[in-house]
Every structure is written in C-alpha cells, then in structure tokens.
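Novice: Quick one: this structure, given as structure tokens, is what I'll be asking you about.
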Amino acid sequence: MSAFFLLILIGYLLATSASVAHFITQEKNAQQAARALLIGAGVLHTVYFVWRYFAAGHTPLTNNHEAVSFFALAMTWGFLSFRWRYQVKNFGAFVTPLLTGLMLVAFFSSQKIHDLPPALQSKWLPVHASMALMANGFLALAFCGGLMYLIQEKEIKKKRFGLFYSRLPSLDALDNLNHHCLSIGFPLLTMGIITGSLWAKQAWGAYWQWDPKETWSLITWFIYAAILHQRLTVGWRGKRAAIMTIIGFSAALFTLWGVTFLLGGIHSYVG
Amino acid sequence: MSVDSIVVLGVNHKTAPVAIREQLAFSGDIQIPLRKLMGIPHCVECCFLSTCNRVEVIFTSSRPDDAIRGVRGFLFENSSISEEEAIHYTFLHQGQEAIIHLFRVASSLDSMIVGEPQILGQLKDAFRDASEGHATGAILNRLMHKSFSVAKRIRTETNIGSSAVSISYAAVELAKKIFGELKGKKVMLVGAGEMAELAAEHLINQGVGGVVVANRTLDRAVKLARRFNGSAVALTELVEQLEGVDILISSTGAPGLILTRDDVKPVMRQRKNKPLFLIDIAVPRDLDPELNKLDNVYLYDIDDLTSVVEGNKAERDKEAGKAERIVAEETLKFLQWLESMQVSPTIIALRQKVEALRDRELARTFLQLKELPEKEKRSVEILAASLVNKLIHDPMLFLKAECPPEEKQQRLALFRQMFGLDQHLPSRKDSDETR
Chain X
1122 MSAFFLLILI
1132 GYLLATSASV
1142 AHFITQEKNA
1152 QQAARALLIG
1162 AGVLHTVYFV
1172 WRYFAAGHTP
1182 LTNNHEAVSF
1192 FALAMTWGFL
1202 SFRWRYQVKN
1212 FGAFVTPLLT
1222 GLMLVAFFSS
1232 QKIHDLPPAL
1242 QSKWLPVHAS
1252 MALMANGFLA
1262 LAFCGGLMYL
1272 IQEKEIKKKR
1282 FGLFYSRLPS
1292 LDALDNLNHH
1302 CLSIGFPLLT
1312 MGIITGSLWA
1322 KQAWGAYWQW
1332 DPKETWSLIT
1342 WFIYAAILHQ
1352 RLTVGWRGKR
1362 AAIMTIIGFS
1372 AALFTLWGVT
1382 FLLGGIHSYV
1392 G
Chain V
1010 MSVDSIVVLG
1020 VNHKTAPVAI
1030 REQLAFSGDI
1040 QIPLRKLMGI
1050 PHCVECCFLS
1060 TCNRVEVIFT
1070 SSRPDDAIRG
1080 VRGFLFENSS
1090 ISEEEAIHYT
1100 FLHQGQEAII
1110 HLFRVASSLD
1120 SMIVGEPQIL
1130 GQLKDAFRDA
1140 SEGHATGAIL
1150 NRLMHKSFSV
1160 AKRIRTETNI
1170 GSSAVSISYA
1180 AVELAKKIFG
1190 ELKGKKVMLV
1200 GAGEMAELAA
1210 EHLINQGVGG
1220 VVVANRTLDR
1230 AVKLARRFNG
1240 SAVALTELVE
1250 QLEGVDILIS
1260 STGAPGLILT
1270 RDDVKPVMRQ
1280 RKNKPLFLID
1290 IAVPRDLDPE
1300 LNKLDNVYLY
1310 DIDDLTSVVE
1320 GNKAERDKEA
1330 GKAERIVAEE
1340 TLKFLQWLES
1350 MQVSPTIIAL
1360 RQKVEALRDR
1370 ELARTFLQLK
1380 ELPEKEKRSV
1390 EILAASLVNK
1400 LIHDPMLFLK
1410 AECPPEEKQQ
1420 RLALFRQMFG
1430 LDQHLPSRKD
1440 SDETR
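Those protein sequence lines, which keep their order, are chains X and V. When you read off a place in the first sequence, starting at 1, and then add 1121, the result is the number in the numbering used here. When you read off a place in the second sequence, starting at 1, and then add 1009, the result is the number in the numbering used here.
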C-alpha cells in the first residue's frame, strides 16, 4: 500500500506547489487548483486511513507512520473547514508546506502493519490518540497563522514592504485566526490529556505517573492555557500570542517525537 | 465602415489648463448637449463625457473632417476662446488612435491619478445617457461596451488599481492591513490641517465608527467635529481619550512632542493591547518615534507615508506597462470586428456559412441514399443549391440596398446577429457581460 500512500504524498506536494505558485503570482487559477488538489489528497488520505483500519483490524494510530499521517489528515480537514467558514488570504501557502513535511515524515517511517501490542488493546486507544492528534492538527494551523502574523507585523513595523505585505491578510484577521485555532485545539488537547489519564488509570492503575510524555503534554497544555488566559484577562494578543503559539507548537512536536525518540518512557512503544 | 470614421475630440488635463476646462464643462441635463451634437451635420453616433478632468466627444461620422469642425465649434460655443486657440487646446484622435484613447481612458491609464477607479463609472454613465438619447448605434455600442470590458480585464489582470498613490490613501491602506475591517473603529484627529482632514474623510468613507477631534482651541475642534459628525475634546484630554481610539492622526503646529512613549505605554494595558495606529503628519513631529517600539502600536510619520507612496508609484508604473499591452491587443481585436462590419465581408461570411451548411447536409443525405444514381444525386445537389440561394437572396438585397450610413450600420449589425456571423469572435461575449 506504500504506492497508494506515495500517491497521496504527491497529491499534497502538488497542492503545495499550486499554493506557493498562487502566493507568488496571485493567479486565481492556481488557487482553485490548490484547493481541488488538497481536497483530492484529503479524500484519498481518508480512504487510506479507513483501509488501514480494516487491514490492521484495529485503530491505525499505533506507530509513528500512522500517528503523523493522522495528524496531517486532521490538519488538512481542519484547514479546509476553515476555508469553508471564512477566507484567510494565502493561509494555504503556509499550511500546505507543513502538511507535506508531515507527510514526508510519515512516508519515510515504517509503514508496516503490526499486531496490536497488548498494552494498547483498549477502547481508549481510538479516543485518546485521535483527540491528541486532532489537537496537534489545529495547533499546527495556529502555528502557521502565528508565523504569518510575525512576518506581517515585521513588515508593517519596519515599514519595508516586501513580498509578504500585500499577500498576507490583515493583522487583525491573523490574530483572530490564532484565537480561532486555539479555541478548537486547546479543548481537544485537554480532552486528549484527560482521556489519556483515564486510560492510564485503567491500564496502569494510576491517573498520572509523570512519565516523560505525560510531563511534556502537561507543559504544552500550560503554554496554551497561558495564551488563552492572558488573552482574556490582559489582552495578550498579536505578536506575543503569535510567539507563544509558536513555542507551544514546538512543545507539542516535542511531546509527539522528542519524548518518544529521545527520552523514552512507558509511552515509547508508539515508535 | 472605415476605421477613420471613429473620432474622439476634446480637452483633458493633459491638453488644457483648468481655466480652459472649466469653461467647457457641462452640468445639468446631459441630453441637451447630446441633442446638439446629433444635430451637427455628418455626426452619426456620439457619446459625450464631461468630468472635472476632461470633456470629450466620441463620435462616428461619414465625413469626419466636416464633423470635427462642427464638434469643436460645439465644445467652445459658450467660451471666449478663438478657434485657433481651441485647436491648440483640444486633442483629436481618429481611427485606431481613437480606439486606443478610449480604451486607455476607460481603464484609467489616461487619468491624472493612474488607476483611480471613478472614470469607468463616469464613462458608463455617459454611455447610458447617450444610448437613452438614441445617440449611439451599432459602432459606438460595440466600442463602448468593449472599452468597459477592456477596463475590467485590466483591473483583474494587473494591479494597476491596487496601489495607494496619495498620502491619505496610503494611510487608509495601512489601517486596513492592521485592522482588517475599519467598520466601528474610532479615529481621533489631533490638530486640524488639510491633509489630516483628507485622511479622516477617506477613513470615514471606509466606514469608521466615530471621530473625535482634539485641538488647542476648542472652538476649532467643535467646528471640525460637527463636520465629521463626531465629538470635540480639549488637547489636555489626549491621553485619556486614547483608551477608546484606534487610529490617531496628528498634525498640530506644536514645536515639540505631544505624545511620548511613556504616555502611551500604560494606556496599552488599559486598551487590553488592542492595536493602535498612529499617523504623524506634522512637521516638526508630534509623536515620539520611540512609540513604534511598543507592541501593537504602529507609528507612521510623513516621511514613512511618502516612501510608501513612492514605492507604490513605481509598482504602478510597472503595471501600467502590462495594461498598455492589453489595450493594444484589444484594439486589434476591435479593428478586426470593424473590418468585418462592411457589406462585402458580411456577404462573403454569409455565403461561406450557408455553403458549408449545404455541403454538410448533402453529405449526410447521400450517406443514407447510397444507391442513388449519379444523375439523381446531381438533381438533389442542384435543389439544395438553389434553395439556399433563393433563401439568402432577399436578405442580401436588404443588405445591399441604398440607405443612410447610420441605418446601414444597424442593418449590418442586425444581419450579422440574425445569421450568427459573429460567433467566431469571442469578444462578443465579453461585452455582453458588462451590460
């Protein structure tokens, strides 16, 4: 099935090229092509996920390939659902390269289908893993928005208008985007941690045992909680929120990969 | 129809100073000058455009030289300008030049501020008035619609209209990049001055929610506030007022700074860090340059805005080059159409069409009647040929009949439409869209 996954990867690659082409040339056709390609890739990717579910006989969220692939899938549909609700100019040119990057990681990870290890045989697997990865999807979108904010803010502050100024949306739109992504991503992250904790109680007998993955997901959670809290109380917005969002996403990525590959711990079977 | 029968004659900001243009500008019922124009001998179709920068007559004529004299006389009839001077101040474009000129006017390439969007609307109004007054016919209808679609094409395919080339426009553009929507945003004017008022006016046109005016003399502030439907405050209240303001335009004659970084820093906390856009168009400056270093505060002084405008001008000139190419291309297409709008090419086109139809139908019939002897095949062919010839005989007579030139154009247009002879010309569809 590696060929099928390669096809999806190529779909994402083409969508990325079209998005970047639209970004540079401002050509409307490129934008439509990018959208069509991304929807196409998203549909195939969903089919792939369903196929893998039946082929494996369990929820396919048990190794790095599956986790990252689902992460990208969640990000794709999250992005497309935004576009349906409101338009953020050239958001795609930032989202699609990241998507392609994730898909490359998934592609080069082992795609072998394993039997489900006994520790993962639980009803909690689909709930916990999908929540946590969907949270990552939205946090990744917030990351892209944060990056765009910083670029646009810099051009306006420095009064030097380069490639980006006319192509990026207003600061206000980007700040709203950040808030919007976080207000979906953060509850998902919270649910991911709670369901994980409930599962831990069931499997290991304790809700929380400071395993590195748990610790890092809590750190991530605190970063995002701080952004949202500060926004509501003292109006942390704009640049600070954007920077914090980028730091938060780095922590989320570290929780996903860094912990597994560097720190080990009981979560590390997900490798 | 010879291309030289299309003429544009008039004065504009390039050929005549405002002192001359204002003598020619028409106001009131536009049908009156239109009727006068139509009364000029040999003036067949016409359209009359009068704006503050130009007074132009677009017309077609069977004897252009006579009509040109008549139209020039009409333009200057209410002025004290001699005929010699009149010739000096007017421009005259004929044939291909006239078409290019009209396309350039419509797409704002000929405007004082290149890329400004109003001219297209003014031209559309002028055309609507002319066609309501039955002053336009087949040629001008086509030409004017074409000019609208050229303008539309240039607007979508180039960035000619997207750059702000005046200080106040640049300020509005920046505000939009910061706030997105300007609806409901509050503007504060500190001090009065022409440029500040102009910027405020632009912002109000964009739908800002309210205006506050602060001035050293409250009296002046109240007057200005009334004009913008806003409120007036004393200059001493400046810092307090900042809490609710989103955009501040400062242009006082104060010798030193009136707002420093330390004044604004605590206000940002009260504002919950909502962005604040500060525009300083005073010389010497009113606002502390250090303000730009505060988070969510964006400070632009007059030099910053000027350099934005300069950058935009360079960009716009590049886009204008692209636009000129589109004009040249569309002019060529229009000339092709014009060439076809004559009796003999129309007859040839109709002949070709009916003969192609005849041959296709015959081939289809013979395919089914394979056993038909050669002699009878000939008879069927003759039948088809004579049927076709008889059918188009009367329409051809109608087309060739002697009639006044304006009616001839209408007949040609009707004829071509009836027999679908323009279908190979894709430009037909474009002009329908703008209707």
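Glycine is no exception: its CB is placed at the ideal position from the N, C-alpha and C atoms.
Does glycine 1283/X get closer than 7 Å to chain V when you measure Cβ to Cβ?
Specialist: Within the first sequence, the letter at position 162 stands for residue 1283/X. Not one chain V Cβ lies under 7 Å of glycine 1283/X.
Novice: Compile a chain-ordered list of the residues in the region 1173-1188 of chain V whose CB is closer than 8 Å to at least one CB of chain X.
Specialist: Leu1183, Lys1185, Lys1186, Ile1187 and Phe1188
Novice: Please give me, in chain order, every unbroken run of the beta strand (DSSP E) with length at least 3 that falls completely inside the region 1116-1161 of chain V.
Specialist: none
Novice: For isoleucine 1169/V, which of helix, strand or coil comes out of DSSP?
Specialist: Taking the second sequence and counting its residues from 1, the one referred to as residue 1169/V is at position 160. Coil.
Novice: Going residue by residue through the region 1222-1249 of chain V, where are the continuous alpha helix (DSSP H) segments of at least 4 residues, counting only ones entirely within it?
Specialist: 1227-1236
Novice: Can you check whether the C-beta of lysine 1360/X is within less than 7 Å of a C-beta belonging to chain V?
Specialist: Residue 1360/X sits at position 239 when you count from the first residue of the first sequence. When Cβ-Cβ separations below 7 Å define contact, lysine 1360/X makes contact with chain V.
Novice: Using a C-beta cutoff of 7 Å, does glycine 1379/X count as contacting chain V?
Specialist: As a position in the first sequence, residue 1379/X is number 258, starting the count at 1. It does not: the Cβ of glycine 1379/X has no partner Cβ on chain V nearer than 7 Å.
Novice: Judging by CA-CA distance, which residue of Asp1075/V, Leu1296/V and Glu1319/V is the nearest neighbour of alanine 1179/V?
Specialist: Within the second sequence, numbered from 1, the residue matching residue 1179/V stands at position 170. Minimum Cα distance to alanine 1179/V is reached at Glu1319/V.
Novice: Give the DSSP-derived three-state secondary structure of arginine 1437/V in the structure shown.
Specialist: Along the second sequence, read from residue 1 onward, the residue named residue 1437/V stands at position 428. Residue placement at arginine 1437/V is poorly supported in this model, since its pLDDT is 38, which falls under 50; the coordinates are not used for a value here.
Novice: For arginine 1225/V versus leucine 1247/V, is the C-beta distance shorter than 7 Å?
Specialist: Start at 1 with the first residue of the second sequence, and residue 1225/V comes out as number 216. Start at 1 with the first residue of the second sequence, and residue 1247/V comes out as number 238. No, the Cβ-Cβ distance between arginine 1225/V and leucine 1247/V is not below 7 Å.
Novice: What separation, rounded to the nearest whole angstrom, lies between the Cα atoms of isoleucine 1305/X and threonine 1311/X?
Specialist: On the first sequence, position 184 is the one that residue 1305/X refers to. On the first sequence, position 190 is the one that residue 1311/X refers to. So the alpha carbons of these two residues sit roughly 10 Å apart.
Novice: Should the region 1359-1368 of chain X be called in touch with the region 1255-1273 of chain X, which here means at least 3 C-beta pairs below 8 Å?
Specialist: yes
Novice: Output, in sequence order along the chain, the residues in the region 1261-1284 of chain X whose CB is closer than 8 Å to any CB in chain V.
Specialist: From the region 1261-1284 of chain X, only Gln1273, Ile1277, Lys1278, Lys1280 and Phe1282 have a Cβ closer than 8 Å to chain V.
Novice: Going along chain X, which residues have a C-beta under 8 Å from glycine 1130/V?
Specialist: Working through the second sequence from its first residue, we reach residue 1130/V at position 121. Result: empty, since nearest Cβ-Cβ is about 24 Å, beyond 8 Å.
Novice: Please report the residue range of the beta strand (DSSP E) in which glutamate 1065/V lies.
Specialist: For this step, residue 1065/V is matched to residue 56 along the second sequence. Counting along the chain, glutamate 1065/V sits inside the beta strand (DSSP E) bounded by residues 1063-1070.
Novice: Scan the region 1304-1366 of chain X and note each continuous alpha helix (DSSP H) run of 4 residues or more that stays entirely inside, going in chain order.
Specialist: 1333-1355
Novice: Given this structure, state the Cα-to-Cα distance separating proline 1073/V from leucine 1341/V, to the nearest angstrom.
Specialist: Stepping through the second sequence from its first residue, residue 1073/V is reached at position 64. Stepping through the second sequence from its first residue, residue 1341/V is reached at position 332. Spanning the two alpha carbons is a distance of roughly 22 Å.
Novice: Indicate whether at least one CB of chain V lies closer than 7 Å to the CB of serine 1291/X.
Specialist: As a position in the first sequence, residue 1291/X is number 170, starting the count at 1. Cβ-Cβ to chain V under 7 Å: yes for serine 1291/X.
Novice: Could you name the residues of the same chain whose beta carbon sits closer than 6 Å to that of valine 1248/X, not counting the 5 residues immediately before and after it, in chain order?
Specialist: In the first sequence, the residue the question calls residue 1248/X occupies position 127. Cβ within range, chain order: Thr1316.
Novice: Would you report the Cα separation of leucine 1262/X and leucine 1128/X, rounded to the nearest angstrom?
Specialist: If you number the first sequence from 1, residue 1262/X lands on position 141. If you number the first sequence from 1, residue 1128/X lands on position 7. Leucine 1262/X and leucine 1128/X: Cα-Cα distance of roughly 24 Å.
Novice: Could you compute how far the alpha carbon of leucine 1134/X sits from the alpha carbon of threonine 1221/X?
Specialist: Here residue 1134/X refers to the residue found at position 13 of the first sequence. Here residue 1221/X refers to the residue found at position 100 of the first sequence. If I take the Cα positions, the gap works out to 6 Å.
Novice: Would the beta-carbon of alanine 1393/X fall within 7 Å of that of histidine 1143/X?
Specialist: The requested residue 1393/X does not occur in the structure, where chain X is confined to residues 1122 to 1392.
Novice: What separation, rounded to the nearest whole angstrom, lies between the Cα atoms of serine 1349/V and arginine 1164/V?
Specialist: Counting from one through the second sequence, the residue named residue 1349/V turns up at place 340. Counting from one through the second sequence, the residue named residue 1164/V turns up at place 155. For serine 1349/V and arginine 1164/V, the distance between alpha carbons rounds to 29 Å.
Novice: Closest Cβ-Cβ distance between alanine 1347/X and chain V: below 7 Å?
Specialist: Position 226 of the first sequence, counted from the start, is the residue given in the question as residue 1347/X. No, no contact with chain V.
Novice: Using CA coordinates, which residue listed in Phe1307/X, Gly1326/X, Lys1275/X and Leu1241/X is at the minimum distance from leucine 1308/V?
Specialist: Start at 1 with the first residue of the second sequence, and residue 1308/V comes out as number 299. The residue with the shortest Cα to Cα distance from leucine 1308/V is Lys1275/X.
Novice: Output yes if chain V places a C-beta closer than 7 Å to the C-beta of alanine 1294/X; else output no.
Specialist: Position 173 of the first sequence, counted from the start, is the residue given in the question as residue 1294/X. Output row for alanine 1294/X: interface = yes.
Novice: State the CB to CB distance for the pair alanine 1115/V and serine 1156/V, rounded to an integer number of angstroms; the pair is presumed to be in contact (CB under 8 Å).
Specialist: Looking up residue 1115/V in the second sequence gives position 106. Looking up residue 1156/V in the second sequence gives position 147. The Cβ separation is near 4 Å, so the contact holds.
Novice: Need the endpoints of the alpha helix (DSSP H) that cysteine 1265/X sits in, please.
Specialist: The residue given as residue 1265/X occupies position 144 in the first sequence. Element bounds for cysteine 1265/X: 1245-1279.
Novice: Could you check whether the Cβ of lysine 1281/V sits closer than 7 Å to any Cβ belonging to chain X?
Specialist: As a first step, residue 1281/V must be located in the second sequence, where it is residue number 272. It does: the Cβ of lysine 1281/V has a partner Cβ on chain X nearer than 7 Å.
Novice: Alpha carbon to alpha carbon, how far is valine 1189/X from serine 1338/X? Give it in angstroms, no decimals.
Specialist: Counting from one through the first sequence, the residue named residue 1338/X turns up at place 217. Counting from one through the first sequence, the residue named residue 1189/X turns up at place 68. Each residue's Cα considered, the two are about 16 Å apart.
Novice: Consider the Cβ of glycine 1132/X: report whether some Cβ of chain V lies at a distance smaller than 7 Å.
Specialist: Working through the first sequence from its first residue, we reach residue 1132/X at position 11. Not an interface residue.
Novice: Kindly indicate which residue of Arg1420/V, Asn1021/V, Val1080/V and Val1389/V has the alpha-carbon position closest to the one of isoleucine 1049/V.
Specialist: To locate residue 1049/V, count along the second sequence from 1; it is residue 40. When each option's Cα is compared against that of isoleucine 1049/V, the closest is Val1080/V.
Novice: Per DSSP, asparagine 1021/V is paired with what?
Specialist: By one-based count along the second sequence, residue 1021/V stands at place 12. According to DSSP, asparagine 1021/V bridges with Arg1063/V.
Novice: Please classify lysine 1438/V as buried or exposed, where buried requires at least 16 other C-beta atoms within 10 Å of its C-beta.
Specialist: Reading the second sequence from its first residue, position 429 is the one you call residue 1438/V. Note on lysine 1438/V: pLDDT 40, under 50, position unreliable in the model; no value is reported.
Novice: Check tyrosine 1197/V in the structure and name its three-state DSSP category.
Specialist: Here the question's residue 1197/V lines up with position 188 in the second sequence. Inspection of the sequence shows that residue 1197/V is occupied by methionine rather than by tyrosine. DSSP places methionine 1197/V in strand when its eight states are reduced to three.
Novice: Rounded to whole angstroms, what is the Cα-Cα separation between leucine 1406/V and glutamine 1361/V?
Specialist: Numbered from 1 along the second sequence, position 397 holds the residue referred to as residue 1406/V. Numbered from 1 along the second sequence, position 352 holds the residue referred to as residue 1361/V. One C-alpha to the other measures close to 17 Å.
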